[in-house]
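Heads up: the sequence lines are chains A, B, C and D, in that order.
Just so we're aligned, residue 90 is where the first sequence starts under this note's numbering, counting upward by one.
Just so we're aligned, residue 90 is where the second sequence starts under this note's numbering, counting upward by one.
Just so we're aligned, residue 90 is where the third sequence starts under this note's numbering, counting upward by one.
Just so we're aligned, residue 90 is where the fourth sequence starts under this note's numbering, counting upward by one.
From the three backbone atoms N, C-alpha and C, an ideal C-beta is built for every residue, glycine too.
A short write-up of the structure that comes next.
There are 4 protein chains.
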Amino acid sequence: MTQPKNPDFATAVRESFARQGLMTHLGAEIVSLVPGAVTIAAPIRPETGQQHGYAHAGLSFSLGDTAAGYSALSLLPPGHEVLTSEIKIHLLAPARGERLVAEGGVIRPGRRLMIVRAEIYAEDGADRAHVATLLGTMVPMALEPR
Amino acid sequence: MTQPKNPDFATAVRESFARQGLMTHLGAEIVSLVPGAVTIAAPIRPETGQQHGYAHAGLSFSLGDTAAGYSALSLLPPGHEVLTSEIKIHLLAPARGERLVAEGGVIRPGRRLMIVRAEIYAEDGADRAHVATLLGTMVPMALEPR
Amino acid sequence: MTQPKNPDFATAVRESFARQGLMTHLGAEIVSLVPGAVTIAAPIRPETGQQHGYAHAGLSFSLGDTAAGYSALSLLPPGHEVLTSEIKIHLLAPARGERLVAEGGVIRPGRRLMIVRAEIYAEDGADRAHVATLLGTMVPMALEPR
Amino acid sequence: MTQPKNPDFATAVRESFARQGLMTHLGAEIVSLVPGAVTIAAPIRPETGQQHGYAHAGLSFSLGDTAAGYSALSLLPPGHEVLTSEIKIHLLAPARGERLVAEGGVIRPGRRLMIVRAEIYAEDGADRAHVATLLGTMVPMALEPR
């Protein structure tokens, strides 16, 4: 496990996540949280599907972006946040099943830029398929004191 | 306007869009539809926001992916659909305001692969800001006869 | 024309370009240079080709990366340079002909990150084909005084 | 090791590689070749450098694109080739040292599209640094009989 610069990194991540209206709207929750690696999951429901009932690419992206971003945030000192600069997503297979799981991680924790990734899996009972991979850039920002 | 191979391209797009649960869940609607160029919009609401109340990158991606995909579908013969293979999104500015508008288009309408783009704008009263740009690959698929 | 922050931007770009061994090795030269838009060209020769004699994707990338990077540098104050953070290239058509031309530009000239693009054209006599498009991120860096 | 569909995959790769003028011009050679994983290396020389003498991003891209493409080709039946559709490269660290090594691989060997990757390392004596990562799409093409 990477050493966090914020001893209370878990609270920082959970408080920010709780304020993300889209995550609530998609039914997402944090299922694992260690410094540099955050996993988020959401059910595959009709209201997050595309025209065939599989999970929409937008759901995979939303979970992957968020898991990757909080993986980056978990490595920063207190009083920071991260902004997504750019992300590429590859869709590898149809996202069918009961829930989507996004495992985020940090490839390069730079001071000015953080290179991040996320792997998306669709779980259907005991089956688990790798359905998407994301690779992107996050920008750490120091929050201004109030 | 590009010449469509499906005289009823508008119905093909609208029927597929109507089956996308995520689009309904995000409050999205088609605002413009010509062959090779589809525009989709959705309100920026708390339930589609990130931690500061701006539109989540996942909303920009979802609208941009869908607008780009239907731009591609609008150029295909009857009995086809398109799958997203990969997309890169750059976030250019905070997406604040009343609604998000995604203008999709086709850069290269290949037989095996279609290169697509989408530009995302945030509208706030009379203001309009360019907040994201997407560039990706769609795969046309012939549907099997039933 | 964008207003440059370095009145001698052209010298800054040309001096840096002259030190890029790869550009010389590929036969590249600057053909146009204004603030925020730099065009570079190189001949399509057997030694820059792929297995069919068309220009290698690596030539398109090298010219596009360099044109985009110097487009960014041309907007910076004296004493700066730019580093490529990431770039995506789409190959649109076979790059056949006499020379390859890369037109670089800046989409968003941020203080911390600059979003850039480049369009690659293959010229064959009077013909000109759009063969690739690049979209990427450059990082401006202040050089340390000696 | 993945089972190849072409028992003579190594010859197919080596013959195509030998016809790539750019690989010769850059001093590149194949250092490892098994089905689905091809490694290519080239010296870091002044004529493949950027303005500080490090390897140019164009060298990393050229080697990575080629290693990834031949990783894909090594899995195809006889009489095929692959075309690069799109690739994203992230530059992770300055590429300094004696030589650059590109390890290509296949993430998803689809029939219509093959998702590929490459990792680039700079070797300097006993040191080895991860300097770039590539993620892209290759298109398999059946060659027409003559």
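Taking only heavy atoms of the ligand HEM into account, decide whether any of them is closer than 8 Å to the Cβ of residue i.
i	result
A/Leu202	Although the ligand HEM was asked about, the structure shown includes no ligands whatsoever.
Looking only at its chain, what residues have a beta carbon closer than 7 Å to the beta carbon of residue i, apart from the 5 residues adjacent to it on each side?
i	result
D/Pro93	Pro124, Ser163, Leu164
B/Val195	Gly125, Ser160, Ala161, Leu164, Met203, Val205
B/Leu115	Ala131, Thr137, Leu148, Ser151
D/Glu212	Gly186, Glu187, Arg188, Val190
B/Thr91	Pro124, Gly125, Leu164
Whole angstroms is fine: what's the gap from residue i's alpha carbon to residue j's?
i	j	result
A/Ala191	A/Pro132	12 Å
D/His179	D/Asp216	21 Å
B/Ile176	D/Ala221	20 Å
A/Ala156	A/Ala101	14 Å
B/Met230	D/Arg201	11 Å
D/Ala107	C/Gln140	8 Å
A/Met112	A/Gly142	20 Å
C/Pro198	C/Val228	10 Å
B/Glu233	A/Gly110	39 Å
C/Ala184	C/Ala99	29 Å
B/Thr145	D/His145	The question names Thr, but residue 145 of chain B is His in the sequence shown. Their backbone Cα atoms lie some 36 Å apart in a straight line.
Between which two residues does the alpha helix (DSSP H) carrying residue i extend?
i	result
D/His114	110 to 114
A/Ser121	Here A/Ser121 belongs to no alpha helix (DSSP H); instead the beta strand (DSSP E) covers 118 to 123.
B/Ser149	146 to 162
In its own chain, which residues sit with a C-beta less than 8 Å from the C-beta of residue i, not counting the 5 before and 5 after it?
i	result
D/Gly214	Gly186, Glu187
A/Ser105	Tyr159, Leu162, Glu170
B/Arg103	Ile119, Leu122
B/Asp154	Thr173, Ile176, Ala207, Leu223, Gly225
B/His219	Leu181, Ala182, Glu208, Ile209, Tyr210
B/Thr128	Ile119, Val120, Ser121, Leu122, Ala156, Val190, Ala191, Glu192, Gly193
C/Arg134	Gly116
Can you tell me whether residue i is helix, strand or coil according to DSSP?
i	result
D/Asp216	strand
C/Pro93	coil
C/Ala221	strand
C/Arg188	strand
A/Arg103	helix
A/Glu175	strand
D/Pro135	helix
For residue i, which residues from the same chain have a beta carbon less than 6 Å from its beta carbon, with the 5 sequence-adjacent residues on both sides left out?
i	result
D/Pro167	Asn95
D/Asp97	none
Residues of the segment 138 to 156 of chain B whose Cβ lies closer than 7 Å to any Cβ of chain A, in chain order:
Gly138, Gln139, Gln140, His145, Ala146, Gly147, Leu148, Phe150, Ser151, Asp154
Along the segment 167 to 201 of chain C, what residues have a CB closer than 7 Å to any CB found in chain A?
Ser174, Glu175, Lys177, Arg201
Quick one, which residues of the segment 202 to 233 of chain A are near chain D if we go by CB-CB under 8 Å, in chain order?
The segment 202 to 233 of chain A vs chain D, Cβ under 8 Å: Ile204, Thr222, Leu224, Thr226.
With 9 Å as the C-beta to C-beta threshold (strictly closer), list the residues of the segment 106 to 127 of chain D near chain C in chain order.
Phe106, Ala107, Arg108, Gln109, Gly110, Leu111, Met112, Thr113, His114, Leu115
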